[in-house]
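Visitor:
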Amino acid sequence: MSDNILEVKDLKVSFSTYAGEVQAVRGVNFSLKRGEVVAIVGESGCGKSVTAQTIMRLIPTPPSVIKKGSSILFDGNKEITKMSDKDMEKVRGSEMGMIFQDPMTSLNPTMTIGDQIAEGLIKHQKLSKAAALARAVEMLTLVGMSNPEGRIKQYPHELSGGMRQRVMIAIALSCNPKLLIADEPTTALDVTIQAQIIELMKKLRDKTNSSIILITHDLGVVADMAERVIVMYAGKVVEQGTLDDIFYNSEHPYTWGLLRSVPRLDQNADEDLVPIPGTPPDLFSPPKGCAFAARCPYAMEVCLSEDPDTTKLSSTHSSACWLLHPDAPKIEKPIEAGGRSHG
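Counting in the numbering used here, the sequence shown runs from 260 upward without gaps.
Listed below in structure tokens is the structure:
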């Protein structure tokens, strides 16, 4: 059995629109080990959620197209890109679960909480309605919900945001999936509830040994939960490595920009956050060189005309930047270890 639960190779996903083709994901490569937590980070529109939803095959085709040569290998022998909708339905919900970023719009307002958790159990595990509802109570207990017997009779609008997110986690975990994808799971929640949800997901990972892909732009959540980090920009992976590689030894100017824009506890009150200037490129017509070049203070002529190759920096760390070329000028990184700015 392979060590990897998931292997994504040269994934390219485009959308056909009235204005042309949007190249949302442009050759993404990464793998995920069994029981591992990997975070995919980047600004809005960088391709994080499209990558995640393509793994789950949740994006309708058309308008989306998974390009030829793309591969998503799940659990050693399931090629997700070639599976029929019927076969994919058997995998989705039972072997793969997903927590969406907005529990209010992701839950069905016309069904009770119990019925929504029971639905997948009846379909995938062939449980009776009574057994599925009993399991729903167990799941709500597992995710730390008070009065689970009463909650299963309630509707989503009767619960707070944090409770709804716990219900989403209960649904995603109800069939003991091997892979859990959490798409911005704490975005709509206040800080206290965020911390509780992160703690809950860590406990559940330890208990169930599910592999987790965490999609987020919040580097604080990443530091608290992930073992490896994949940094995406304009539909591509620009850097990936262990938590220490990315937070203490990052090598891509975009990663430096992300780290400098995060508030820190040791920051002086008069010290400004440093935003990344400019905006991401238009993926209707992506630039032929490095997509970050127009916003990068270190851009050279070659950055504008040619896309850099990915440089392997260690067995765990790689980055796609022309600054890593042997002939590139040596520069001082603008950040110290841990994301603290120089100066």
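Glycine is no exception: its CB is placed at the ideal position from the N, C-alpha and C atoms. These numbers were taken from a predicted model, which means no experiment stands behind them.
(1) Decide if the segment 460-476 is in contact with the segment 389-397; the criterion is three or more beta carbon pairs, one per stretch, under 8 Å apart.
(2) Under the three-state reduction of DSSP, which class applies to tyrosine 414: helix, strand or coil?
(3) Could you please give the first and the last residue of the uninterrupted alpha helix (DSSP H) stretch that includes serine 308?
(4) Would you tell me roughly how many angstroms separate the C-alpha atoms of leucine 532 and phenylalanine 543, rounded to the nearest one?
(5) According to DSSP, is glutamate 295 helix, strand or coil?
(6) Leaving out five residues on either side along the sequence, give the residues of the same chain with a beta carbon under 6 Å from the beta carbon of glycine 500.
(7) Report yes if the CB atom of methionine 484 is closer than 8 Å to the CB atom of lysine 466, and no otherwise.
(8) Look up serine 365 in the DSSP assignment and say whether it is helix, strand or coil.
(9) Alpha carbon to alpha carbon, what distance is there between alanine 558 and proline 512?
(10) Between the alpha carbons of proline 415 and glutamine 455, how many angstroms are there, rounded?
(11) Considering only residues of the same chain and omitting the five flanking positions on each side of leucine 463, which have a CB-CB separation below 8 Å?
(12) Pull up the distance between the alpha-carbon of glycine 602 and that of glycine 294, whole angstroms please.
(13) Compute the beta-carbon to beta-carbon distance between serine 275 and proline 321, rounded to the nearest angstrom, for a pair I have assumed lies under 8 Å.
(14) In whole angstroms, what separates the C-alpha of glycine 286 from that of methionine 355?
(15) Grab the span of the beta strand (DSSP E) containing valine 402 for me, first residue to last.
(16) Looking at C-alpha atoms only, which residue of Met491, Ala587, Lys385, Asp269 is the closest neighbour of glycine 328?
(17) Less than 8 Å separating the beta-carbons of leucine 317 and leucine 291?
(18) Closer than 8 Å is the cut-off here; do at least three beta carbon pairs connect the segment 482-497 with the segment 304-312?
(19) Buried or exposed: which applies to alanine 550, given that a residue is buried once 16 or more other Cβ atoms fall within 10 Å of its Cβ?
Guide: Let's see:
(1) no
(2) The residue given as residue 414 occupies position 155 in the sequence shown. Here tyrosine 414 sits in coil by DSSP.
(3) Residue numbering aside, residue 308 sits at position 49 when the sequence shown is read from its first letter. 307-314 is the extent of the alpha helix (DSSP H) around serine 308.
(4) Reading the sequence shown from its first residue, position 273 is the one you call residue 532. Reading the sequence shown from its first residue, position 284 is the one you call residue 543. About 31 Å.
(5) Here residue 295 is taken as the residue at index 36 of the sequence shown, counted from 1. Coil at glutamate 295, not helix or strand.
(6) Residue 500 sits at position 241 when you count from the first residue of the sequence shown. Answer for glycine 500: Thr575, His576, listed in chain order.
(7) Position 225 of the sequence shown, counted from the start, is the residue given in the question as residue 484. Position 207 of the sequence shown, counted from the start, is the residue given in the question as residue 466. Cβ distance not < 8 Å, so methionine 484 and lysine 466 don't count as in contact.
(8) The count along the sequence shown starts at 1 and reaches residue 365 at position 106. Per DSSP, reduced to three states, the secondary structure at serine 365 is helical.
(9) For the purposes of this step, residue 512 is taken as residue 253 along the sequence shown, with counting starting at 1. For the purposes of this step, residue 558 is taken as residue 299 along the sequence shown, with counting starting at 1. Distance between the alpha carbons of proline 512 and alanine 558: 9 Å.
(10) Walking along the sequence shown from the start, residue 415 turns up at place 156. Walking along the sequence shown from the start, residue 455 turns up at place 196. If I take the Cα positions, the gap works out to 20 Å.
(11) Position 204 of the sequence shown, counted from the start, is the residue given in the question as residue 463. Once the five neighbours on either side are set aside, the close Cβ partners of leucine 463 are Leu401, Val402, Ile428, Leu432, Ser469.
(12) To locate residue 602, count along the sequence shown from 1; it is residue 343. To locate residue 294, count along the sequence shown from 1; it is residue 35. Reliability fails at glycine 602, whose pLDDT of 49 lies under 50, so the model's placement of it is uncertain and the value that follows must be treated cautiously. Cα to Cα, glycine 602 sits roughly 40 Å from glycine 294.
(13) Locating residue 275 in the sequence shown gives position 16, counting from the first residue. Locating residue 321 in the sequence shown gives position 62, counting from the first residue. Right, the Cβ-Cβ distance comes to about 6 Å (below 8 Å), so this counts as a contact.
(14) By one-based count along the sequence shown, residue 286 stands at place 27. By one-based count along the sequence shown, residue 355 stands at place 96. Cα-Cα distance, rounded: 23 Å.
(15) Position 143 of the sequence shown, counted from the first residue, corresponds to residue 402. Unbroken run through valine 402: none, as it is neither H nor E.
(16) Here residue 328 corresponds to residue number 69 of the sequence shown, with the count starting at 1. With distances taken between Cα atoms, glycine 328 lies closest to Asp269.
(17) Position 58 of the sequence shown, counting from 1, holds the residue named residue 317. Position 32 of the sequence shown, counting from 1, holds the residue named residue 291. Not in contact: leucine 317 and leucine 291 (Cβ atoms no closer than 8 Å).
(18) yes
(19) Working through the sequence shown from its first residue, we reach residue 550 at position 291. That one is buried.
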